[in-house]
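Quick note: the sequence shown uses this note's numbering, first residue 138, plus one each step. Everything below concerns the one structure shown next.
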Amino acid sequence: MALSKADDSRVDKPWGYELRWAITDRYLGKILHINRGEALSLQYHEMKDECLLLSRGVLDLELNGEVHRLRPGDTAHITPGTRHRMTAVEDCDIFEVSTPEVNDVVRLEDRYGREGTRDAPEVLTNQDSPS
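Below, the structure is given as structure tokens:
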């Protein structure tokens with residue numbers, strides 16, 4: 138058994154920060170803190186599969202161009218190929234559990250000018266994905 142403090146795995150981001158509290162070769166668990174008015178990139182993942190639970194705040198979650206307003210207790214499952222973006226209406230804390238591909242991010246738009254942002258390529262939708 139290994140014990141550690143979550144603050145040891147804090148990763149500061151332009152929109153807030155993430156705490157990586159579980160990192161294995163099979164899954165990744167993190168808490169995303171998004172500051173009010175900030176947003177993550179419009180992005181998709183080629184392999185990463187993630188589930189979200191909004192713990193605190195109000196969040197606008199864009200999924201393939203459609204915006205959904207999430208409140209504490211709401212969940213979302215984001216499958217590979219799904220274009221998505223999170224925007225904090227209020228300060229938000231989100232529990233994310235995903236497959237471990239931490240660097241699997243294709244940024245389509247990014248208000249902070251981060252590297253890796255590119256024009257939108259063809260993306261598999263859930264209906265097009267191989268079983």
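Where a beta carbon is used, it is the ideal one built from N, C-alpha and C, also for glycine. As the structure is a prediction and not an experimental result, all values here were calculated from the model.
Endpoints, beta strand (DSSP E) assigned at residue i
{"i": "Trp-158", "result": "153–160"}
{"i": "Tyr-164", "result": "Where Tyr-164 is concerned, there is no enclosing beta strand (DSSP E), given that its DSSP letter is neither H nor E."}
{"i": "Thr-224", "result": "221–225"}
{"i": "Glu-233", "result": "229–235"}
{"i": "Ala-213", "result": "212–215"}
{"i": "Asp-197", "result": "196–200"}
{"i": "Tyr-249", "result": "Neither: Tyr-249 is in no beta strand (DSSP E) and is coded neither H nor E."}
{"i": "Leu-177", "result": "Segment: none, Leu-177 is in no beta strand (DSSP E) and carries neither H nor E."}
{"i": "Val-148", "result": "147–150"}
Between the CA atoms of residue j and residue i - distance to the nearest angstrom
{"i": "Ser-226", "j": "Arg-248", "result": "It is Val, not Ser, that sits at residue 226 in the sequence shown. Distance between the alpha carbons of Val-226 and Arg-248: 16 Å."}
{"i": "Ser-146", "j": "Leu-169", "result": "12 Å"}
{"i": "Gln-264", "j": "Asp-162", "result": "Since pLDDT at Gln-264 reaches only 41, below the 50 mark, its modelled position is unreliable, and no value is offered."}
{"i": "Lys-150", "j": "Thr-219", "result": "22 Å"}
{"i": "Glu-155", "j": "Leu-165", "result": "12 Å"}
{"i": "Val-234", "j": "Lys-167", "result": "7 Å"}
{"i": "Leu-196", "j": "Leu-207", "result": "5 Å"}
Pick from the options that is closest to residue i, judged by C-alpha positions
{"i": "Thr-236", "options": "Ala-139, Val-204, Val-148 and Arg-157", "result": "Arg-157"}
{"i": "Ser-192", "options": "Ile-171, Tyr-181 and Glu-183", "result": "Ile-171"}
{"i": "Ile-215", "options": "Glu-252, Ala-139, Asp-186 and Ile-160", "result": "Asp-186"}
{"i": "Val-272", "options": "Val-239, Asp-228, Arg-173 and Gly-194", "result": "What is shown of the chain runs 138 to 268, which leaves residue 272 out entirely."}
Cβ pair residue i, residue j closer than 8 Å
{"i": "Trp-152", "j": "Leu-177", "result": "yes"}
{"i": "Leu-245", "j": "Leu-179", "result": "yes"}
{"i": "Cys-188", "j": "Thr-224", "result": "no"}
{"i": "Glu-183", "j": "Asp-241", "result": "yes"}
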